[in-house]
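Engineer: Basically my numbering = 1-based index in the sequence shown + 3.
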Amino acid sequence: MTLSHDVTDNVIDFINRLIIHIPDYHFLTTQYYGFYANASKKTLDKVHALLGIKKNKDYSRETRTKALKNKLNKLKYRTHLIDSFNRDPIQCKCGAIMQYTYTYNPLEDKRNDRTYRKRCIDEMYKMRLRRRST
4 MTLSHDVTDN VIDFINRLII HIPDYHFLTT QYYGFYANAS KKTLDKVHAL
54 LGIKKNKDYS RETRTKALKN KLNKLKYRTH LIDSFNRDPI QCKCGAIMQY
104 TYTYNPLEDK RNDRTYRKRC IDEMYKMRLR RRST
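1. Can you tell me where the alpha helix (DSSP H) holding Glu65 begins and where it ends?
2. Spatial neighbours of Lys58 within its chain, please: CB distance less than 7 Å, with the 5 preceding and 5 following residues excluded, ordered by chain position.
3. Taking DSSP's pairing of strands, which residues face Gln94 in a bridge?
4. Where does Lys52 sit, in a helix, a strand or coil, going by DSSP?
5. In whole angstroms, give me the CA-to-CA distance for Tyr103 and Tyr28.
6. Taking 8 Å as the threshold (C-beta atoms), are Arg81 and Ile93 in contact?
7. Please report how far the alpha carbon of Thr118 lies from the alpha carbon of Tyr128, in whole angstroms.
8. Considering only C-alpha positions, which residue in the set Arg20, Leu53, Asn76, Leu47 is nearest to Tyr62?
9. Do Thr32 and Pro26 come within 8 Å of each other at the CB atom, strictly closer than that value?
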């Protein structure tokens, strides 16, 4: 049974009562402590084992690592396209999987050559189309 009551108050008094619950700037608070802290997971597992309590979820390192890998895999380009469009981008229409063989790097010999970079930037500026102002 919960008890509730309505309070009608002045706006200034309400804000004053609300402000006292806001911690000061740079005030350090402890979010989790005791068995809820991350450092005591092993201790909590031992307590559960001794008392014979079955955990609702498996929080082992292996399970968490597997879940993280699945989550990160969803962020990959190939997985995203398969999930979104039911199409594998590296699978050919004949059913064969394409393999990576070579990447062409135009800056292989010219990494710090300023004149080459400047020429590339100038070419990009020449190729850029002017936008029409409407």
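All C-beta atoms in this analysis are idealised placements derived from N, C-alpha and C, irrespective of residue type, glycine included.
Structural biologist: Working from what's here:
1. Here the alpha helix (DSSP H) through Glu65 covers 64-77.
2. Residues His51 of the same chain have their beta carbon placed closer than 7 Å to that of Lys58, with the five preceding and five following residues left out of the count.
3. Ile100
4. What sits at residue 52 in the sequence shown is Ala, not Lys. Here Ala52 sits in helix by DSSP.
5. 53 Å
6. yes
7. 15 Å
8. Leu47
9. Yes, Cβ-Cβ distance for Pro26 and Thr32 is below 8 Å.
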